[in-house]
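Undergrad:
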Amino acid sequence: METKTATVSVLSSEQLLKHWQGHRNLTRRTIEAFPEKELFNFSVGGMRTFAQLAMEIIDLSNPGILGLVTNVWKDMADLPHHSGVGMPTTKEELLALWDETTKVIDTLWIQMTPERFQESTIAFGQYPGPVYGTLLYFIDNEIHHRGQGYVYLRALGIEPPFFWERP
Numbered sequence: 772m773e774t775k776t777a778t779v780s781v782l783s784s785e786q787l788l789k790h791w792q793g794h795r796n797l798t799r800r801t802i803e804a805f806p807e808k809e810l811f812n813f814s815v816g817g818m819r820t821f822a823q824l825a826m827e828i829i830d831l832s833n834p835g836i837l838g839l840v841t842n843v844w845k846d847m848a849d850l851p852h853h854s855g856v857g858m859p860t861t862k863e864e865l866l867a868l869w870d871e872t873t874k875v876i877d878t879l880w881i882q883m884t885p886e887r888f889q890e891s892t893i894a895f896g897q898y899p900g901p902v903y904g905t906l907l908y909f910i911d912n913e914i915h916h917r918g919q920g921y922v923y924l925r926a927l928g929i930e931p932p933f934f935w936e937r938p
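Counted the way this note's numbering counts, the sequence shown spans residues 772 to 938.
In C-alpha cells form, the structure reads like this:
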C-alpha cells in the first residue's frame, strides 16, 4: 500500500518572522527588566547569568540567520557566549547588540526562499537538520532561556513581563 504525504502550509514566511520577532521583543523587555548589576552577576543554582544567556540567543540568531539564508556558518567556539571575546559589559551594550541582531534578521529574512526552509544544513558546523528545524530550535532555545530569566527576576522580587504580550 502506498502512503501519500500531503504538504500543508500552516504559516507564511512573514507570519513565522512575526512570531519569532514577537518572542525577541519579549526577551528584550526581559533584559530591560533586570537591574544592571544583576543582569551580569545574578544566577540561580550555578546557571549562567541572564546576560550570558541573552548573548547565547544573540550568537545563535545573528550569525544563525546568515547561516540559514546562505548555508555559511561560523564555528560555535568563535561565538562570544562560548569564547567570552566580545561579550558586552553593560545593559546598554547588550541591548544595542540585541537591536542590531533584530535588524540583521529583518534584512536577511527576505532572502529566505520557501525551498530553503526544506533544505538540509549543518548549523555551526555541528548540528545537522532541516533549515526549518534549526530555525525552530533558535526560537525554542530563546523561550527556554527567557524562562530562566523569569525565574531570576522572580528570585530578585521583580515581576517579569507578561509572557503572552509578544507584539
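Don't be surprised by glycine CBs; every beta carbon is placed ideally from N, CA and C. Quick caveat: nothing in here was measured; it's all calculated off a predicted structure.
1) For the region 852-869 against the region 780-791, do three or more pairs of beta-carbon atoms, one drawn from each stretch, fall closer than 8 Å, so that the two count as touching?
2) So is Y923 buried or exposed if we call it buried at 16+ other beta carbons inside 10 Å?
3) Just tell me which of Q889, V840, W869, G816 has its CA closest to the CA of E827.
4) Measure the alpha-carbon distance for Q897 versus I881 and round it to whole angstroms.
5) Could you name the residues of the same chain whose beta carbon sits closer than 6 Å to that of G920, not counting the 5 residues immediately before and after it, in chain order?
6) Bridge partners for T892 per DSSP, in chain order?
7) For S832, count neighbouring Cβ atoms within 10 angstroms of its own Cβ and tell me buried if that reaches 16, exposed if not.
8) CB F895 to CB M847, shorter than 7 Å?
9) Taking T892 and G838 to be in contact with their CB atoms under 8 Å, please state how far apart those CB atoms are, rounded to whole angstroms.
TA: Let me lay it out:
1) no
2) buried
3) W869
4) Here the alpha carbons of I881 and Q897 stand approximately 26 Å from one another.
5) T801, F821
6) G900
7) buried
8) yes
9) 7 Å
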